[in-house]
Structure formats: structure tokens, C-alpha cells
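**Q**
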Amino acid sequence: MALTEDLDLIERSIRHLQIEWEKFFGGVERKAPTDQKARLEALIRRYTDAEIRNNTERFRYQSLIARYNTFNELWSKRLRALEEGRPVGIHGVHLHAIAPPAAPPPPALPAAPSRPSAPTRTGEVRVQDPQRDAEAVRSLYESFLEARRQSGEGAAVKFENFQKLIGQQAARILAEKGASAVDFRLETKDGKVSLKAKPVK
572 MALTEDLDLI ERSIRHLQIE WEKFFGGVER KAPTDQKARL EALIRRYTDA EIRNNTERFR
632 YQSLIARYNT FNELWSKRLR ALEEGRPVGI HGVHLHAIAP PAAPPPPALP AAPSRPSAPT
692 RTGEVRVQDP QRDAEAVRSL YESFLEARRQ SGEGAAVKFE NFQKLIGQQA ARILAEKGAS
752 AVDFRLETKD GKVSLKAKPV K
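So the sequence shown is numbered by the working numbering: it starts at 572 and just counts up by one.
(1) Between the C-alpha atoms of ALA668 and LEU574, what's the straight-line distance to the nearest angstrom?
(2) Rounded to the nearest angstrom, what separates ARG612 and GLU655 at their Cα positions?
(3) Would you call the CB atoms of LEU757 and ALA718 closer than 8 angstroms?
(4) Which of the three DSSP states, helix, strand or coil, is assigned to THR759?
(5) Verify whether the separation of the beta carbon atoms of GLN739 and VAL708 is less than 8 angstroms.
(6) Cα separation between ASP754 and ASN640?
(7) Measure the alpha-carbon distance for LYS760 versus SER722 and round it to whole angstroms.
(8) Count the other CB atoms, across all protein chains shown, that sit within 10 Å of the CB of PHE630; report buried if there are 16 or more and exposed otherwise.
(9) Using a Cβ-Cβ cutoff of less than 6 angstroms, which residues in the same chain neighbour GLN699 once the five nearest sequence positions on both sides are dropped?
(10) Just confirm the distance between the C-beta atoms of GLU600 and ALA746, as a whole number of angstroms; I'd bet it's less than 8 angstroms.
(11) Suppose you measure from the CA of VAL764 to the CA of LYS729; what does that come to, to the nearest Å?
(12) Report the CB separation of ALA742 from LEU588 in whole angstroms; it is logged as a contact under 8 angstroms.
(13) Between which two residues does the alpha helix (DSSP H) containing VAL708 stretch?
Structure, rendered in C-alpha cells:
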């Protein structure tokens, strides 16, 4: 069936586009994958106004579009940041991919003398798709806010910004590591809360 084949093609194209964007942002490719992006969007538009009668196919199409829109927004933000010469991120949120050997942590805020220097960890949350796994991201977000309150850190981060950053990191790790999902966990050390990301094969 043509629609089923096109949905398979859309899914493959999204994954391929993820890899191509990461190559571009990583400096491997000098040209952004705008041609591949245009071809994928043309295929997506083919069914924008079409009536998809099969519930399974309609749900799959909508899920793929939501996934693509999430990634596309992240790519656009990273591209703007690259053009403006600034890093992409949220003040107060630090994400590190777990990989041996571990990189040294960023400088920590001054801690009270009685605060232990050993890191404390909060339970892991697995994310495959930030949109589809919104409840998991929400749970991680609430744990993050609580950990920041307990450590006395600054103003709260908006959920929308937090979700976008999680999506960005998940997309990068899924593409670079060939992972099926990403485990995120909180770590508090010397009064500073950070998020650790670990690829899941």
C-alpha cells in the first residue's frame, strides 16, 4: 500500500536527517542538509489534507509529524545559535553524556561546609521520543525542580524549555550512539544539580 510505504520512508528519512544534522553541527559536513529536509517536507505535505481512513496509519502519521516537528524546531534553534556564535542550552541546566573516561565536572557553586562532596543520584528516566514520552520527561522535570529547591539553586526553568533541551540531547545521542533510548538521571554534587544522559542500546 502506497501510504504504508510512504510512512516507512518518512520514518527512515527522519532518522537519516537526524544523523545528517548532527554531522553538520559536529563539523563533519560543511553544508546543512536542506535538500533532504525539503524532500521530506514535500512527502509529509502530500498527506496534510488527505483523509486517512485507517486509524493505525492515521495515528502513525500524526506521531511521525509530531516527532519531526520537535526535531525540526531543535535543529532550527541550534542553527540560529550556531549562526549567532552562541552555545545552545538553558542557564542552570547542565547535561553530560556518560562515556568513559568521564570528563571533569564544571566548576560548582560554593557549598556549605557541612555539605558532602560525593554526588547523590536520583532515579533514572528512560526517553525514546520526548513527545511520546512526555510523562517521563514531566516526571524528570519535577524531580529536577525539587532537587534544585533542595540545593538552593536559582529560578525555576520552564517545562517547555526543559523538554526542548531533553529532546535536543536525546536526538543527538540517539543519532551519534545508534541508541534505542536515552536514560536521564539527576545528580547533585557540591550543591549543584546536573542531568546525566546515558545511551541505551
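Even glycine gets a Cβ: it sits at the ideal position worked out from N, Cα and C.
**A** The answer reads as follows:
(1) Here the question's residue 668 lines up with position 97 in the sequence shown. Here the question's residue 574 lines up with position 3 in the sequence shown. Below a pLDDT of 50, predicted positions are generally treated as unreliable, and ALA668, at 43, falls in that range; no measurement from the model is reported.
(2) Position 41 of the sequence shown holds residue 612. Position 84 of the sequence shown holds residue 655. What sits at residue 612 in the sequence shown is Glu, not Arg. C-alpha separation (whole angstroms): 26 angstroms.
(3) The count along the sequence shown starts at 1 and reaches residue 757 at position 186. The count along the sequence shown starts at 1 and reaches residue 718 at position 147. Yes, the pair counts as a contact, with Cβ atoms nearer than the cut-off.
(4) As a working mapping, residue 759 is identified with position 188 in the sequence shown. Strand, per DSSP.
(5) Counted from its first residue, the sequence shown places residue 739 at position 168. Counted from its first residue, the sequence shown places residue 708 at position 137. No.
(6) Locating residue 754 in the sequence shown gives position 183, where the first residue counts as 1. Locating residue 640 in the sequence shown gives position 69, where the first residue counts as 1. If you take the alpha carbons of ASP754 and ASN640, they lie about 22 angstroms apart.
(7) Here residue 760 corresponds to residue number 189 of the sequence shown, with the count starting at 1. Here residue 722 corresponds to residue number 151 of the sequence shown, with the count starting at 1. If you take the alpha carbons of LYS760 and SER722, they lie about 9 angstroms apart.
(8) Against the sequence shown, residue 630 aligns to sequence position 59. Under this definition PHE630 is an exposed residue.
(9) Residue numbering aside, residue 699 sits at position 128 when the sequence shown is read from its first letter. Counting only Cβ-Cβ distances below 6 angstroms, and skipping sequence neighbours, we find ALA752.
(10) By one-based count along the sequence shown, residue 600 stands at place 29. By one-based count along the sequence shown, residue 746 stands at place 175. At roughly 13 angstroms, the Cβ-Cβ gap does not stay under 8 angstroms, so GLU600 and ALA746 are not in contact.
(11) As a working note, residue 764 is residue 193 in the sequence shown. As a working note, residue 729 is residue 158 in the sequence shown. Distance between the alpha carbons of VAL764 and LYS729: 16 angstroms.
(12) Taking the sequence shown and counting its residues from 1, the one referred to as residue 742 is at position 171. Taking the sequence shown and counting its residues from 1, the one referred to as residue 588 is at position 17. Incorrect: roughly 10 angstroms between the Cβ atoms, too far for contact.
(13) Along the sequence shown, one-based indexing puts residue 708 at 137. That run of the alpha helix (DSSP H) goes 705-722.
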